[in-house]
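Going by the working numbering, the sequence shown opens with residue 7, and the numbers climb by one from there.
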Amino acid sequence: MISRIFTLLSTLLALYALPSDAFVPPQTTKASMVSTSSSSLTMGLELVDPSYNLAVGAFGVGLAGGFFEDLRDSKGEKLLTAKPFGALAVIFTAFSLFLAFQTTTLRFGFDDSSFSLVRSDGTSLGENVVVGGENKWDYKSFKNYDFLPSADFPILVYFREDQTPVENREDVPISVDELEGQVHFFPAISNVQELKRGFEQHDCAHL
7 MISRIFTLLS TLLALYALPS DAFVPPQTTK ASMVSTSSSS LTMGLELVDP
57 SYNLAVGAFG VGLAGGFFED LRDSKGEKLL TAKPFGALAV IFTAFSLFLA
107 FQTTTLRFGF DDSSFSLVRS DGTSLGENVV VGGENKWDYK SFKNYDFLPS
157 ADFPILVYFR EDQTPVENRE DVPISVDELE GQVHFFPAIS NVQELKRGFE
207 QHDCAHL
């Protein structure tokens, strides 16, 4: 399980698009979207509540690694596994801080026509540095979405869209379908149940 989680997190670091500057005002949201009792409305964009579960989980793995790194034998010397567990502790502790920062500063959002990744104040992240274009995708462009490894234990938010021009599309190492379109991975830094409801209420394609 730890190796699978580490593979997913490594993939996320390689694929995650960092923000740039630009702002396009979002459209007015539907009143029937994700319930306003658990989300906030920012300039007409329905923002999904953040979730620190992934950051806390990564920190927990880091703590466990630190504990096992300090195990000693009967002579009081550290075991041969000390260095691997020490490296695990450093990697996951640092990654938990990265996730906590992203959870605090970024939000997933829904408006009348599109799904987006924005700053916590609702402003645009600008152009996606991997495939170009704004981090905003029309619902009608969705080919599939999913949560990896599952909606009950989410680490990554996965979706495929055909809005990205063919010439700008990039191959990715993990895919859950064989459809046409660009695959995106984002850390599960928001309430996944709200995300799922938003996708369903806006009829985003799902296999």
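Idealized CB from N, CA, C, for every residue including glycine. For clarity, every value in this text was computed on a predicted model and none was experimentally measured.
Does DSSP put F91 in a helix, in a strand, or in coil? helix
Report, in whole angstroms, the separation of the C-beta atoms of V67 and F98, which I expect to be a contact under 8 Å. 4 Å
In this structure, how does DSSP classify V62 when only helix, strand and coil are distinguished? helix
Supposed close pair N197, S57 - CB separation, criterion 8 Å: 5 Å
K202 - DSSP class collapsed to helix/strand/coil: helix
F191 bridges to which residues according to DSSP? Beta-bridge pairing links F191 to Y164.
Going by DSSP in three states, G72 sits in which element: helix, strand or coil? helix
Going straight from the alpha carbon of D117 to that of L162, what length do you get? Distance between D117 and L162, taken at the CA atoms: about 22 Å.
For L94, I'd like the list of residues in its chain whose CB is within less than 6 Å of its CB, leaving aside the five on either flank, ordered along the chain. G71
DSSP three-state assignment for L51, whether helix, strand or coil: strand
Out of A157, A64, G92, state which residue places its alpha-carbon closest to the alpha-carbon of M76. The sequence shown places Asp at residue 76, not Met. Answer by Cα proximity: G92.
Where does the unbroken beta strand (DSSP E) through F148 begin, and where does it stop? 148-155
Reducing DSSP to helix, strand and coil, say where L123 ends up. strand
Please classify D156 as buried or exposed, where buried requires at least 16 other C-beta atoms within 10 Å of its C-beta. Reading off the sequence shown, one finds Ser at residue 156, where the question assumed Asp. Counting Cβ neighbours within 10 Å, S156 comes out exposed, since fewer than 16 surround it.
Since I believe G115 is in contact with E52 (beta carbons under 8 Å), could you give me their beta-carbon distance rounded to a whole number of angstroms? Yes, E52 and G115 are in contact; Cβ-Cβ is about 6 Å, under 8 Å.
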